[in-house]
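Take -19 as the starting number for the sequence shown in the numbering used here and just add one per residue.
From the three backbone atoms N, C-alpha and C, an ideal C-beta is built for every residue, glycine too.
Treat the numbers as computed from the prediction; the structure is a model and nothing was measured.
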Amino acid sequence: MTWRAIAGSPWAAIAAVTLAWWALVPLLRIEPRYLPPLAAVVRDGMSVWPDLLAGFWRTLVETLLGFAAGALLGIACGIGFAHVRLMERAVFPLFVALQTVPIIAFGAIVVIWFGNTILAKVVIALYLTFFPVTVNTLRGLQAVEPQRVALMRSFGAGGLQLFLKLALPSALPTIMVGLKLGISLSLAGAIVGEWFGDTVGLGVMLLQALYFEQIPRIWLLIVASGLMGAGLYGSLTLIERRFVWWRPD
């Protein structure tokens, strides 16, 4: 690996930010209420390590379940909209309007419906995930070139063959864009969902830290959430590079 490749890697950026945090905060005498020293954040993390690990795992499970459900729903809706134009005209505007509902209001309704359970958090994560996946699935399927469709039909391809061998492969790069956006929104939904009441999770710890004004704890949870989001996004990027390496053009 060349030095240019190393310098351009995410790990180099993380190392640079960590080094700058460690060195510049005491050097510039930044007040802890704005940005605490890195050592204070690390010490706080070590003091609550079991709770942090349990919260990290719980939020990760909620995020993955909500993302999986939202991705399946979004892909199914996108396929339905692409093949049934009446359904697109009738239902898609409702999806757009639904996305304008504040997540706090929607989360309150979900908790009332499903109670203070993990299911409520999963539904909130699903709510934020499915729309970008739906839009990108629909966009990808509608972008298939008519000339290619006509060529395959001239060779006797049926509707299912056209979908599996042309439309879906052509749309997969665009669908992956929606999935990578959806995984970040799913994490945000899981954390917000925990604010409505729970005993375990990064969102719970963040709310408690805000209430007691524990600044190092807040930054610790910001870093933990960022690492989880980066890891999930990076995992999807690796899957895309391995299995969806082509582009629509």
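With DSSP run on the structure shown, which of helix, strand or coil describes Leu15?
-> Looking at Leu15 - three-state DSSP - the assignment turns out to be coil, as it is neither helix nor strand.
Top-ranked residue by Cα proximity to Ala100, from Pro153, Thr114, Glu174, Ser164 = The shortest C-alpha separation from Ala100 is found at Glu174.
Inter-residue Cα distance where the pair is Phe86 and Ile92 = One C-alpha to the other measures close to 10 Å.
Provide the residue span of the alpha helix (DSSP H) that contains Thr179, from first to last.
-> Neither: Thr179 is in no alpha helix (DSSP H) and is coded neither H nor E.
Can you give the Cα-Cα distance for Ala151 and Thr97, rounded to whole angstroms?
-> Between the C-alpha atoms of Ala151 and Thr97 there is a straight-line separation of about 36 Å.
Go ahead and pull the three-state DSSP assignment for Pro(-10).
-> In the displayed model, Pro(-10) falls within a helix according to three-state DSSP.
Please state whether DSSP places Pro84 in a helix, a strand or coil.
-> Per the sequence shown, residue 84 should be read as Ile rather than Pro. Shown here, Ile84 sits in a helix according to DSSP, grouped into three states.
Please determine, among Leu33, Ser164, Arg23, the residue with the shortest C-alpha to C-alpha distance to Thr109.
-> Closest by alpha carbon: Ser164.
Indicate whether Ala170 and Glu42 have their beta-carbon atoms separated by less than 8 Å.
-> Ala170 places its beta carbon less than 8 Å from that of Glu42.
How would you write the range of the alpha helix (DSSP H) that Phe75 sits in, first residue to last?
-> Boundaries of the alpha helix (DSSP H) harbouring Phe75: 65 to 79, taken from the DSSP string.
Three-way DSSP call (helix, strand, coil) for Leu135 in this model | A small fix is needed here, since residue 135 is Phe in this sequence, not Leu. Reduced to three states, the DSSP call for Phe135 is coil.
Taking Gly58 as the reference, give the member of Leu118, Phe75, Arg65 with the closest Cα.
-> Checked all of Leu118, Phe75, Arg65; the closest Cα to Gly58 is Leu118.
Within this structure, are the beta carbons of Val102 and Gly54 separated by less than 8 Å?
-> Between Val102 and Gly54, the gap from beta carbon to beta carbon reaches 8 Å or more.
Start and end residues, alpha helix (DSSP H) containing Lys101 = 98 to 122 is the extent of the alpha helix (DSSP H) around Lys101.
Please name the residue, chosen from Gly136, Leu33, Ile(-6), that lies closest to Val184 on a Cα-to-Cα basis.
-> Closest by alpha carbon: Leu33.
Assign Ile10 to one of three DSSP states: helix, strand, or coil.
-> In the three-state DSSP reduction, Ile10 falls in the coil class, being neither helix nor strand.
Continuous alpha helix (DSSP H) assignments of at least 4 residues falling wholly in the segment 137 to 180 | With a minimum length of 4 residues, the continuous alpha helix (DSSP H) runs that stay inside the segment 137 to 180 are 139 to 142, 148 to 174.
Where Ile198 and Tyr14 are concerned, what is the direct C-alpha to C-alpha distance, given to the nearest angstrom?
-> So the two alpha carbons sit approximately 11 Å from each other.
Rounded C-alpha distance that separates Ala31 from Gly209 | A small fix is needed here, since residue 31 is Asp in this sequence, not Ala. Approximately 19 Å between the Cα atoms of the pair.
Is the CB-CB distance between Val157 and Leu142 below 8 Å?
-> No, Cβ-Cβ distance for Val157 and Leu142 is not below 8 Å.
How about Gln79 and Phe111: do their beta carbons lie closer than 8 Å?
-> Between Gln79 and Phe111, the C-beta gap is smaller than 8 Å, which places the two residues in contact.
Secondary structure at Glu193, three-state DSSP: helix, strand or coil?
-> Note: Glu193 maps to coil in three-state DSSP.
With a 10 Å radius around its C-beta and 16 neighbouring C-beta atoms as the bar for buried, classify Val21 as buried or exposed.
-> Counting Cβ neighbours within 10 Å, Val21 comes out buried, since at least 16 surround it.
With 16 other Cβ atoms within 10 Å as the buried cut-off, status of Val(-3) | Answer is exposed; the Cβ neighbour count stays below 16.
Leu140 to Pro153, Cα distance in whole Å?
-> Cα to Cα, Leu140 sits roughly 20 Å from Pro153.
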